[in-house]
Amino acid sequence: MQRIVLGVISALFVLLTPLTAFAQEKLHDPAAGWYSHFNLWLIISIVIYLVVTIPLIYFPFKYRRKKTNQDGAYIQGNTALEILWIVIPIIITLLLGVQSWALFTEYRTVPKDAFEAKSVAFMYGFEMTSPEGITTMNELRVPVGPVKMNLTSKDVIHDFAIPHFRVREDMLPGRTTYLWFNAKKPGEYPVFCSFYCGTGHSGMLAKVIVMEKNDYDEWVKKQKGASEAAAASPELMGKELLDKSGCTGCHSITGEVKMGPSLKGILGKKTILADDSTVTVDEAFIKEKITNPEAKRIKGFPPVMPPTQLKPGESEAISAYLKTLK
Amino acid sequence: MENVAHGGAQAVHHHEVELSIWPLIVGIGAFLVPISFMVHFSWEAPSTFALLGAGVAVVLLLVGLFGWVNEVHAKKEEVGLSKVAIVVFIISEVALFGGLFGGYFYTMLLSPSWPPVSTPEGVPPIELALLLTFFLVTSSAWMHMAETKLEHGDMGGFKTWLSVTFLFGLAFLVGMAYEWNHLIGDGFNISVNTYGTFFYTITGFHGSHVIVGLALQAFLMILALGGKISKKKQTLTKVTGLYWHFVDIVWLLVLSMIYVIPYFKVGQ
Amino acid sequence: MAEQPTGLRSWIFTTDHKKIGVMYLVTALVFFVVGLLLAAVMRTENLDMARKTIIIGPYLYNVFFTIHGAAMVLFWMIPVLLGFFANYMIPLMIGAHDVAFPRLNALSYWFYVGSGLIAVCGLILPGRLDIGWTGYAPYSLVGGANTAFYVFAVHLLGASSISGAVNFITTIITLRAPGMTWGRLNLTVWGLLGAFIIQLVGVPVLAAAVTLLLFDKYLGTSFYNAFKGGNPLLYEHLFWFYGHPAVYVVALPVFGIVSDIIATFARKKIFGYTSMVIAIMLITVVGFETWVHHLFVAGTLNWSRVVFMWATIFIGVPTGIKIFNWLATLHKGSIELTAPMLYALGFISLFTIGGVTGVANGLVGFDISVHDTHWIVAHFHYVLAISMSMLIMGGIYYWFPKFTGKMYNEKLAKFAFWLTLIGAMVAFFPQFIIGYDGIPRRYWKLPVEYTPHMRIAAIFSYIAIIGFFLTLYNFLHSAMKGKPASSNPWNSKSLEWQIPSPPPFYNFEKIPVITEGPYEYGKPEGEAPKGH
Ligand code: HEA
Ligand code: HEA
Ligand code: CUA
Ligand SMILES: [Cu+2]
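Protein chains in written order, with the working numbering: chain E, 1 to 326; chain Z, 327 to 594; chain U, 595 to 1126.
#1: I believe residue 727/U touches residue 664/U by the beta-carbon criterion, under 8 Å. Please report the beta-carbon distance rounded to the nearest angstrom.
#2: Quick check on the burial criterion: 16 or more other C-beta atoms within 10 angstroms. Buried or exposed for residue 975/U?
#3: In the DSSP assignment, what residue or residues form a beta bridge with residue 129/E?
#4: Using only the alpha-carbon positions, how far apart do residue 24/E and residue 901/U sit?
#5: I'd like to confirm something about residue 892/U: is its beta-carbon nearer than 7 Å to some heavy atom of ligand 3, or not?
#6: Where does residue 698/U land, buried or exposed, given buried means 16+ other C-beta within 10 angstroms?
#7: Under the three-state reduction of DSSP, which class applies to residue 24/E: helix, strand or coil?
#8: Taking 8 Å as the threshold (C-beta atoms), are residue 853/U and residue 53/E in contact?
#9: May I ask you to list, following chain order, the residues of the region 791 to 810 of chain U that have a beta carbon less than 9 Å from some beta carbon of chain Z?
#10: List the residues of chain U whose Cβ lies closer than 8 Å to the Cβ of residue 519/Z, in chain order.
#11: Which stretch, first to last residue, makes up the alpha helix (DSSP H) that contains residue 1043/U?
#12: At a CB-CB cut-off below 7 Å, which residues of chain U make contact with residue 265/E?
#13: Closer than 8 Å between beta carbons: that is the criterion. Which residues of the region 453 to 481 of chain Z meet it against chain U?
#14: Can you list, in chain order, the residues of its chain whose CB lies under 7 Å from that of residue 455/Z, leaving out five sequence neighbours each side?
#15: Extract the residue ranges of the alpha helix (DSSP H) inside the region 650 to 690 of chain U, only unbroken runs of 4 or more that lie entirely within it.
#16: Give a yes or no on whether the minimum CB-CB distance between residue 418/Z and chain U is below 8 Å.
#17: My output table needs one value for residue 899/U: the three-state DSSP class, helix, strand or coil.
#18: So with Cβ pairs under 8 Å, would you call residue 183/E a contact of chain U?
#19: For the alpha helix (DSSP H) that residue 961/U lies in, which residues bound it at each end?
#20: Hey, does residue 28/E have any beta-carbon neighbour from chain U nearer than 8 Å?
#21: Quick check: the Cα distance between residue 502/Z and residue 426/Z, rounded to an integer number of angstroms?
#22: Distance, Cα to Cα, residue 412/Z vs residue 681/U?
#23: What's the C-alpha gap between residue 158/E and residue 125/E?
#24: Chain Z partners of residue 753/U, CB-CB under 9 Å?
#25: Could you tell me if the beta carbon of residue 515/Z falls within a distance shorter than 7 Å of some heavy atom in ligand 2?
#26: Tell me the rounded alpha-carbon separation between residue 239/E and residue 325/E.
#27: Taking beta-carbon pairs under 8 Å, can you tell me which members of the region 256 to 283 of chain E lie near chain U?
#28: Could you pull out every residue in the same chain whose Cβ sits closer than 8 Å to the Cβ of residue 810/U, ignoring the five residues on either side in sequence?
#29: Check the Cβ-Cβ distances between residue 443/Z and every residue of chain U, and say whether any is below 8 Å.
#30: Once you ignore the five residues that flank residue 783/U on each side, which residues in its own chain have a CB closer than 8 Å to its CB?
#31: Please check if any C-beta of chain E sits within less than 8 Å of the C-beta of residue 967/U.
#32: Can you find a heavy atom of ligand 2 that lies under 7 Å from the Cβ of residue 547/Z?
#33: Would you call the region 903 to 911 of chain U and the region 965 to 984 of chain U touching, i.e. three or more CB-CB distances under 8 Å?
#34: Evaluate the contact criterion for the region 931 to 939 of chain U versus the region 209 to 220 of chain E: three or more CB pairs, one atom per stretch, below 8 Å.
#35: To the nearest angstrom, report how far apart residue 507/Z and residue 487/Z are at their CA atoms.
#36: By the DSSP assignment, the alpha helix (DSSP H) with residue 622/U in it spans what residues?
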């Protein structure tokens, strides 16, 4: 008894000493740390599963009942054994826990030189703001390197998840939360809303576009010019409005059917309403659809489109933009 | 039979009923309460329907409970299991108030100041709260007196102290109604800010427990007047007593958390 | 003793714990079938991930998983365990005529039925519930759903659970037969006791949480309204304070039932009875200390996430004690692989997969990547849905001769077991892969690359569902036409098997005096066991 307990305690020390060293090592990339954490967990779990399942299958064959009402051996228990299967799981748990703790610290400690952007969620989309003050919809451009995101929400709780960088954090109304990731390689990485937020939840998608530093700077310069142009052209204003009002959460402009019908080329087309009557989509119809979607429902879609209040001229801008989508 | 020996002591507990109509009646009554709420709030039906539903619900609940207790009290002897049960039940009530106070604490700690700045002057009314405390704490003592009298078989004393308990409890309730009325008049209502929200919710929850306690006392009184309570039948009195002391203790928590802490205007 | 009443009246006015138990079983099975059908439709919707409606659009998909989750957890799992098994078995196992408050027991059942009716309203009436089984604020406040359905269903069910808990805890404390010491209780009774304690302490907090939801929605209060100083996280905290222990409300009785089945069919004393009991009680207590693991990425304080990680992953230790004690009980036993035993062994295997992935979720650094993804869906379907449901079926088979007096069809039972086991095991595995890729749950459509994964998942879930319907057929057919069973077909030593099947109205003619625990198989000295 005593020997087992003492032996196990010294084993604990042997195991945990390298771990503390591990905990101090800085990974500088939570994603990489996550994969090694996952692998350790996976190996341990497979071993546990085999340790459980092999006897589970073997014993019923080995100790098959031979005669009716034959009894098994009379064994009350065995303290040493029971201590063994208390102590070993404790050691495993400590091992995994310490590693996870170190990884978590990494996740929550933002490097000082991080690029800092902001995202505000709404039903159903993400409004992204770069440190230079450029606002984009459902699309965030960042230079290569560590990025910190400050997150908040305009209405209900949403979540900002970038599976590729293995990060996610909820976006709460009235509060700011944060996460950071190390954007190592240029490319496009999908962003998901991972907190259930209603009918548009599964359509609440965005992307992070990682660019080389020079490309990014160039993009910033172009955007500054572009936003002035947008103010002048109704088409560009309409595009921005579609993004900003959350329409693109449910409607694509590419022909793909999302939550609602695609807005590509709808102007001038005939469409069938829920009561099987047919109407032609014109500017008035679009205006009514936006401000009072209840009035005329399109057949074959769920009645989920929310009403949106528009300022004068905005509906016309949207229509103007929709005309350009052929 | 291997592990049981036969012919032991007589049954500890009789299988006392086979059929009883009362659980179903109470169940239907309880079901109609939310239905009437929903008729009103969710389907926006004319409130006459909701009132009708609620009326039927109340009648069913009253009839059902009365029939139920009558049936139980028709028994010759009582086993006294309810004394264990009420202690178990009080544990769950502790959890209920624990949840509410936990939420209150959490909100308080996250607020920059407590109570929030939009709270009108003179809230919380601590003087009135102290008066209410006096009523409730002493009534708990009177309840104890009533229990002692019953243990000694002094039915007259029992009835007297029970009435005193009831009156003090009632005074508490009246005071609370006055306070609510007054505060709402002063513009401190349930939706003014988080403090108002918690103030009315927690004092309201506590008040509803006072009402239940008073109903139990009134019921005891009816039974006592009918001669159905005696030295041999103390269980219901003990149950009421335990419950009443519990309601009293919760009030002390309400007092310290909802009245005293905000009285000192932390962070303002 | 009075004549036994018969007819419909004898059911709806009954206060007999056995009849109430059977009514719970039948009602819960109805909800299970509803839940399964909803799941089948969701899976059919998942057959193709192109964003086109197959049967239900996104809105109905959300309604379906809400009602599916609620029906399965709140109206099937908990009632079948704490309604059927507790009602039927506790008085028989502790040697009592009935529960402490038979009328209250009947009332609990009627509360449950009322609550179920309201939940069904949430499925079919306008303002359907699309708020998830968790009912998270603020979406449940600002969306179009009739949150009142949710709140009142929880209220009535809560009333049912609390009165049930008070009733059964009192029963176990006061009505044990002479000689039935705490050390001689069946582990099923211990597991149920732990579950009732959790209900007693947890349900009131849930009731408070949803009441505040109601106030916020209809009285304009600001508990959860962030724009008026409230805090939406408060709801999550209060919900999971009950919601997490609730999973142990399911698990603890199941652990108990597994122990009983294994002891009976291995004809061997449970290995380490005392540590089994301690483990149950540890899980009961520590289960209340882990809820923040559902809020690991919810903007909670960093240090609190670490603290709750430690509490969470240490739950694996007492659970491990139970698993290894079961294995040690099998060792040197005399094992017969009847259908209930198969279910028990299948349970242990499925539960271990679910359990180790649970530990992964509990690791705070790990969970960041998989929180609210299909990984979680796979975790809880392994640990909750399939393993627990499997074992409940095993438990029903085990006591089937007792409560119906008939034998079930063993061959069909085993066939259905393999069908369900294989179906269920494969039906959720692809979701581990999808979740590993970080794809969120509660999505009407996933990215198109996952169409093949979800097709496999769908097909195997149909297989499992067919297996379940075979089981249901077996139950119904055998209950009516099965061969009569002897009073103790398994030759078990546990008290409930020592009386006729089905038990007479008063259970025991005289209250028995207990001289031995329920698992004393093959005891060297003392009487040799007699056959029947
Ligand atoms: C019966 C139901 C049940 C059970 C028993 C469990 C058991 C466990 N669960 Fe699970 N869980 C759910 C039902 C259940 N869960 C549900 C329904 C959800 C989702 C809710 C929602 O969001 O809708 C959920 C979600 C969930 C989360 C939240 C994830 C997220 O949303 O991000 C977490 C996180 O910690 C978690 C952890 C655990 C742990 C640590 C256990 C442990 O108890 C497991 C213990 C068991 C073992 C570990 C295996 C056996 C042990 C051994 C063989 C010994 C050796 C093992 C070791 C040393 C590790 N669960
Ligand atoms: C007890 C609980 C339980 C059970 C049994 C099930 C059973 C099933 N569940 Fe689920 N499910 C939940 C609890 C449960 N579920 C919860 C809590 C949620 C979350 C809701 C939310 O997000 O709000 C959820 C969500 C959920 C989703 C939504 C995922 C998402 O998009 O987020 C899906 C999608 O397909 C799904 C599928 C299934 C399927 C196909 C089955 C089954 O049909 C699979 C086949 C299984 C069986 C047939 C039963 C198991 C075996 C037996 C009963 C043995 C009996 C058989 C014999 C005796 C032979 N479930
Ligand atoms: Cu936004 Cu989900
Ligand atoms: Cu949990």
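Beta carbons are placed, not taken as given, at the ideal position from N, Cα and C, and that holds for glycine. Here the structure is a predicted model, which is why all the values come from computation and not from measurement.
In terms of the structure at hand:
#1: 5 Å
#2: Buried, because 16 or more other Cβ atoms sit within 10 Å of the Cβ of residue 975/U.
#3: 118/E, 135/E
#4: Reliability fails at residue 24/E, whose pLDDT of 49 lies under 50, so the model's placement of it is uncertain and the value that follows must be treated cautiously. For residue 24/E and residue 901/U, the distance between alpha carbons rounds to 19 Å.
#5: Residue 892/U Cβ: outside cutoff for every heavy atom of ligand 3.
#6: buried
#7: A caution first: residue 24/E carries a pLDDT of 49, below 50, which makes its placement in the model unreliable, though a value can still be read off. Reduced to three states, the DSSP call for residue 24/E is helix.
#8: By the CB criterion at 8 Å, residue 53/E and residue 853/U fall outside the cutoff.
#9: 791, 793, 794, 795, 796, 797, 798, 799, 800, 801, 802, 803, 805, 806, 808, 809, 810
#10: What residue 519/Z touches in chain U: 816, 822, 823.
#11: First-last for residue 1043/U: undefined, no H or E at that position.
#12: In chain order: nothing, as chain U lies at least about 18 Å away.
#13: Taking 8 Å as the Cβ-Cβ cut-off against chain U, none of the residues of the region 453 to 481 of chain Z qualify.
#14: 581, 585
#15: 652 to 664, 680 to 688
#16: yes
#17: Residue 899/U: helix per DSSP, three-state reduction.
#18: no
#19: 958 to 964
#20: no
#21: Across the structure, residue 502/Z and residue 426/Z are spaced so that their CA atoms are roughly 19 Å apart.
#22: Approximately 20 Å, taken between the alpha carbons.
#23: 10 Å
#24: One finds 356 in chain Z with Cβ atoms closer than 9 Å to the Cβ of residue 753/U, taken in chain order.
#25: no
#26: 10 Å
#27: 256, 257, 258, 259
#28: The residues are 731, 735, 816, 817, 818, 819, 824.
#29: Using beta-carbon distances, residue 443/Z does not count as an interface residue toward chain U, since no partner is under 8 Å.
#30: 683, 684, 687, 688, 766, 850
#31: yes
#32: no
#33: no
#34: no
#35: 30 Å
#36: 611 to 639
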